[in-house]
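Here's the structure we're looking at; comments come further down.
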Amino acid sequence: MKTFSVIVSIFLFVSVNAQTSILETADSLYNHGNYTKAIQFYNQLDNTADYTDKIAKSYQYLGNYDQAVGYYNKSVVNSPNNLLFKFELSKLLFQNGQLVQAKKHLMDLIKADQSNPNYYYYLGLVGNASNDFETAQNNFLKAFQLDQTHQKVIFELAKYSLQKRAFKKVEDYVNKGLESYPNNKQLIGLIAQKYYLNNEYHESISQFLKLLDLGETTKFVYEKLGYCYGKVYYYSKAIKYLDLALKLDPKDANNHYLLGINYEQIREYDLAEKHVLEAIKLQDQPLDEQYAKLGVLYNLQDKPDQAIQAFTNAIKENPKTESNYFFRTFTKLDYFKDLDAKQKEVEKYINQFPDSKYSEILKVKLATYKSEKFQNKTE
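Heads up: the sequence shown begins at 1 in the working numbering, then just goes up one per residue.
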């Protein structure tokens, strides 16, 4: 009998030591990020149920969200009063697009603890994902009232205010957020866009330059700087940043066009022509504005035949824009040598647009040619 008791004791001792060794190995693997092997060792434990949260987290880190959800559900069942397990499950359900279940768990969490801003924050994210934006904003606002330094909450409130063009709210939220985190690139980006949309270009430039200093060297920042500098007549700087934007995306038609406009302002007409032509090649939408700009550039380079063709192309793109007919007629007056041909072009234009504000300009131009011809005859 004593022998049997000794054998049982030895067996239990060995078994406990073995389980302890397995747990230590599993925890070590988990802590070092070797999640697949950690799961294998946790599953060898007799009391696996006590470690379902770590198995769930391991699957989450591995990107196997279905398995992670399954193990978090087990954790919640095993420990129904553990709010952390339920919160982790809620976040994972949201990430996995299971919005109804995520919302249910978050509502349960709020019933248990109404003072946690993160519960309201994630409930707001669920609202956004469900296109229930007003409810989402209400939840973000509740989170903000609980924690006015919560950067992610402030970003959501400021972003929505920007979308609604509530510029004063944008400024208030951003300033509040920057008090506790001055280098928050997301908030600086929002205030930069606020100034941009409000045509406050100098202020917008200042904020976008801050983003550059913080390492945000993106196409978006470069092209916005290029646009803003052009608006405040710093054409060389506009060209610099639009060039940088095009290096990141050489096929952006709009940036080619903006670059062309800025080159035109510094009288680099050949480069302006090059980029406007590139914009035309790249765009699939109506190109009347680009062709009209190209026509102007050709005129500035004394290329009237090419200008006429460009204005003709602009008219084909959009036959309703009267100014393109005017510029084509005006160019023809310089290009045609025969006075009768000039006369016919003006009459054709006036017949097509009898109430045009441009008619008098063409009549004066034609009268000038007639006067010059008369003077040449009398000399």
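Even glycine gets a Cβ: it sits at the ideal position worked out from N, Cα and C.
Values in this document were obtained by computation on a predicted structure and should not be read as measured data.
Count the other CB atoms within 10 Å of the CB of residue i; is the residue buried (16 or more) or exposed (fewer)?
| i | result |
| --- | --- |
| Gln207 | buried |
| Ala26 | buried |
| Asn262 | buried |
| Asn81 | exposed |
| Ile361 | exposed |
| Ala49 | exposed |
| Leu202 | The amino acid at residue 202 is misidentified as Leu; the sequence shows His. Flag for His202 reads exposed. |
| Glu223 | buried |
| Tyr181 | exposed |
| Met1 | Any reading at Met1 must be qualified, since the residue scores a pLDDT of 49, below 50, and its modelled position is unreliable; no value is offered. |
| Glu179 | exposed |
| Asp288 | buried |
| Gln163 | exposed |
| Ser236 | exposed |
| Asp252 | buried |
| Asn175 | exposed |
| Gly215 | exposed |
Output the distance between the C-alpha atoms of residue i and residue j, rounded to the nearest integer angstrom.
| i | j | result |
| --- | --- | --- |
| His256 | His275 | 5 Å |
| Gln145 | Ile266 | 52 Å |
| Ile154 | Lys86 | 25 Å |
| Val14 | Leu83 | Low confidence applies to Val14: its pLDDT is 44, below 50, so where it sits in the model is not reliable enough to give any reading. |
| Asp340 | Ile280 | 35 Å |
| Thr135 | Asn118 | 16 Å |
| Phe330 | Tyr233 | 28 Å |
| Glu273 | Tyr196 | 27 Å |
| Ser79 | Phe140 | 29 Å |
| Tyr35 | Leu62 | 7 Å |
| Thr378 | Thr368 | Unreliable placement is indicated for Thr378, whose pLDDT of 48 sits below 50; the coordinate value is still reported in the next sentence. Using only the alpha carbons, I get a separation of about 16 Å. |
| Ala292 | Leu282 | 16 Å |
| Lys37 | Ala143 | 39 Å |
| Leu23 | Tyr42 | 7 Å |
| Val76 | Tyr65 | 16 Å |
| Thr20 | Ile110 | 38 Å |
| Val364 | Phe327 | 15 Å |
| Leu157 | Gln67 | 34 Å |
| Gln40 | Ser58 | 11 Å |
| Pro319 | Gln95 | 50 Å |
| Ser359 | Phe336 | 18 Å |
| Tyr269 | Gly260 | 8 Å |
For the candidate residues the options, whose alpha-carbon lies nearest to that of residue i?
| i | options | result |
| --- | --- | --- |
| Leu297 | Ile315, Phe326, Leu277, Glu156 | Leu277 |
| Ile350 | Lys281, Pro117, Gly260, Tyr325 | Tyr325 |
| Lys219 | Thr149, Asn96, Leu248 | Leu248 |
| Lys185 | Lys168, Lys159, Ser359 | Lys159 |
| Leu123 | Ala112, Gln137, Ser115 | Gln137 |
| Ala129 | Leu109, Ile110, Leu99, Lys111 | Leu99 |
| Arg165 | Asn198, Lys152, Asp172, Gln148 | Asn198 |
| Leu366 | Asp334, Gln352, Tyr229 | Asp334 |
| Ser90 | Gly97, His105, Val76, Val77 | His105 |
| Phe353 | Ala245, Lys337, Thr321, Asp338 | Thr321 |
| Lys332 | Lys357, Asn131, Asp302, Lys316 | Asp302 |
| Val170 | Lys152, Lys194, Asp147 | Lys194 |
| Val126 | Ser115, Asp147, Lys103, Asn116 | Lys103 |
Check whether the region 24-32 touches the region 40-57, taking contact to mean three or more Cβ pairs, one atom from each stretch, closer than 8 Å.
yes
Touching by the beta-carbon criterion (3+ pairs, under 8 Å), the region 304-312 and the region 342-349:
no
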